[in-house]
Structures are given as C-alpha cells and as structure tokens.
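Here's the structure we're looking at; comments come further down.
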Amino acid sequence: MRVNLEWLREWVDLDLQGEQLAEQLTIGGLEVDSVEPIPATHPGIVIAEVLDTQPHPNAERLKLCTVTDGVKTHAVVCGAPNVSSGLKAAFAPVGSTLPDGRMIETIELRGVASEGMLCSEAELGLSDDVSGLLELDSDAPVGSSISEYLRLDDMILDIDLTPNRGDCFSVLGVARETAALSGALLEPPQFAAVPAGIEDTLGIELTASEACPRFAGRVIRNVATDRISPLWMRERLRRAGLRPIHPIVDVTNYVMLEFGQPLHSYDLSKLAGEITVRFAA
22 MRVNLEWLRE WVDLDLQGEQ LAEQLTIGGL EVDSVEPIPA THPGIVIAEV
72 LDTQPHPNAE RLKLCTVTDG VKTHAVVCGA PNVSSGLKAA FAPVGSTLPD
122 GRMIETIELR GVASEGMLCS EAELGLSDDV SGLLELDSDA PVGSSISEYL
172 RLDDMILDID LTPNRGDCFS VLGVARETAA LSGALLEPPQ FAAVPAGIED
222 TLGIELTASE ACPRFAGRVI RNVATDRISP LWMRERLRRA GLRPIHPIVD
272 VTNYVMLEFG QPLHSYDLSK LAGEITVRFA A
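Quick note on numbering: the sequence shown equals residues 22 to 302 in the numbering used here.
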C-alpha cells in the first residue's frame, strides 16, 4: 500500500514527518518498506499559459509558442502533441534547472530560438510519461511555483501489509491506524450526499450473498467522455502507483484507494438485462 503524507493529513491531524511516521507504523505492526520524497523542482519552474501557437517554418512536428509566465512573454519551440493555445503547463525559463540537473538555456531549434521549455511529467521528475505536456487545470494561477501548486513537499510511504491487515489497504485504514498509534485526532473529510437526479434503475440479482453481502449501483447519464480528471486527483493516483486513465476509471480507483471500497463502472448501453452477482460458472 502506497500512501502519501499530503493525502493522509486530510484524515488525521498529523505532525509527524515521513521517517517518524514510518518508524511508528513499523513498531505498530505495519512494516514500512520505504519512505520516498517527491522530487522537488527548481523554484524558477512556474505555471505558464500558452497564448498562441504557430507552425514551425522548418519542422512539421514543432510549433512556435508564445508563452506568458505572468511577468513577460517568451518565444518557445515545442514538439508536444498536446500543446495548444490556452493550455496551462509547467514552464522552465532560461536559467532554471530541471530535476535531472539540466540547466535551461536559450537554444536554437531548426533555425528558431527557444527561450525556455514547456515540461512533461518526465521532465519534472514526476513519472516516465513523455507523451505530452503535463496539463494543468484551467484555474491554475499563472506565475505560481509548480512545486507549491502540485504540493511536492510530500513523501510516499510504501507499506508492506500482511494478509490479515486488509483494514489498512486504504488511506482511511492507514489514517485510522496512525491515529491509534500516535494519539492524533482522526478527522474524516466531510462529504455531502448526492441525491439521484433521475429515476433510471437497473436490476441486480445477488446470488453469492455469502461472498458478497451487498452490491449497489447507480445509473449516471450525460457523462462527458472527452475530459481528463482534475490534476489533484491525477497526482494522488500517481503517488499511489496508479496511472490516470479516464475520469470514470480514475474516480473508481480513487474511491477504492481512499476508502478501501472496490468500485466498477459499466457502460449501460452494452449491458443486456440485469447484473447478476455470482461465482464464475
């Protein structure tokens, strides 16, 4: 079970640091294999907005981008497939340093000067994803430090759980254990119930009640399938060792990680008849 301190602190009033908590959990019976700090970025790497993109005159796959960091505009050459006007992304200006030690300088790409770099997750040291730029939420404050925005002052605890401690296969479970061991106050986040807005239902037949005492579902319509999950959710999934895929998949994984409650999403248009909960035949 991988759990990060930033997420854990939403549940328990915790003043311990990563190594201190790891020692306490291990003494309490939850063996912590490792404590991993999140790679911090150079303070000069900030949130920027792409104001405009134009085709590169000498390279089909490159674009000429006008980027603002809230103070000045920069001419940046970028080859990421998802770069577009209006995008907010992490920007490393000239003089800043990437987590791998590379110093950003003005360079010439196919005859055009580039004053800085728009960054992918891999270039920020967050993951090995080089498929495109790290897309920030539309309300991300231009000019702010990317480290502060992503809350990179964080640590991940990798806990090696034994089969008899299934109660700790969740953030809630680890938070409950932490509160019991440290005497800190467990303060679960408050969630407002969301009433059903439509009358649609789907039948469920529960035949394996000993193995699965309860199976509940809700029909949801008008789901936008062309969106990505909010950045805070994608970051928490990534720190837990899961790759963000799609908002519907991400939210089921998120709830499973936070509460230990498995969820599954079905495409209603592909279901024929009711859902039958049974052992394989």
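C-beta atoms are modelled at their ideal positions from N, C-alpha and C, and glycine is treated no differently. Quick caveat, the model's predicted, so the values are computed rather than measured.
Please look up how many angstroms separate the CB atoms of residue i and residue j, rounded, as I've assumed it's under 8 Å.
i: Ala96; j: Thr87; result: 7 Å
i: Ala261; j: Arg30; result: With a Cβ gap of about 15 Å, Ala261 and Arg30 do not count as contacting.
i: Leu154; j: Leu108; result: 7 Å
i: Ala200; j: Leu193; result: With a Cβ gap of about 11 Å, Ala200 and Leu193 do not count as contacting.
i: Leu9; j: Val104; result: With the chain running from 22 to 302 in the structure shown, residue 9 is simply not present.
i: Leu202; j: Gly49; result: 5 Å
i: Ala113; j: Leu157; result: That pair is no contact at about 14 Å.
i: Ile219; j: Val240; result: 7 Å
Can you name the start and end residues of the alpha helix (DSSP H) that residue i belongs to?
i: Val33; result: Segment: none, Val33 is in no alpha helix (DSSP H) and carries neither H nor E.
i: Thr199; result: 192-203
i: Ile167; result: 167-170
Which residues bound the beta strand (DSSP E) around residue i?
i: Ile180; result: 176-181
i: Val98; result: 94-99
i: Glu129; result: 128-130
i: Glu52; result: 52-58
i: Glu81; result: 80-89
i: Glu161; result: It should be pointed out that residue 161 corresponds to Ala in this sequence rather than to Glu. From DSSP, Ala161 is part of no beta strand (DSSP E); its letter is neither H nor E.
i: Ala111; result: 109-113
i: Ser250; result: Counting along the chain, Ser250 falls outside any beta strand (DSSP E), and DSSP gives it neither H nor E.
Classify residue i as helix, strand or coil using the three-state DSSP reduction.
i: Asn274; result: helix
i: Asp188; result: helix
i: Phe280; result: helix
i: Ser141; result: strand
i: Ala69; result: strand
i: Glu256; result: helix
i: Ser290; result: helix
i: Leu207; result: strand
i: Leu147; result: coil
i: Thr47; result: helix
i: Leu154; result: strand
Please name the residue or residues paired with residue i in a DSSP beta bridge.
i: Pro76; result: Lys84
i: Val24; result: Leu178
i: Ile225; result: Ile296
i: Thr62; result: According to DSSP, Thr62 bridges with nothing at all.
i: Val133; result: Leu130
Is residue i near the ligand FAD, with its Cβ less than 8 Å from a heavy atom?
i: Met277; result: This structure does not include the ligand FAD; it has no bound ligands of any sort.
| Is it a yes or a no for the segment 52-71 touching the segment 222-241, going by three-plus beta-carbon pairs under 8 Å? | no
| request: Please confirm if the segment 166-179 is in contact with the segment 268-277, defined as three or more CB-CB distances below 8 Å between the two stretches. | output: no
| query | With a cut-off of 8 Å, do at least 3 Cβ pairs link the segment 246-254 to the segment 134-149? | reply | no
| said: Does the structure place the segment 119-131 close enough to the segment 141-151 that three or more beta carbon pairs sit under 8 Å? | reply: yes
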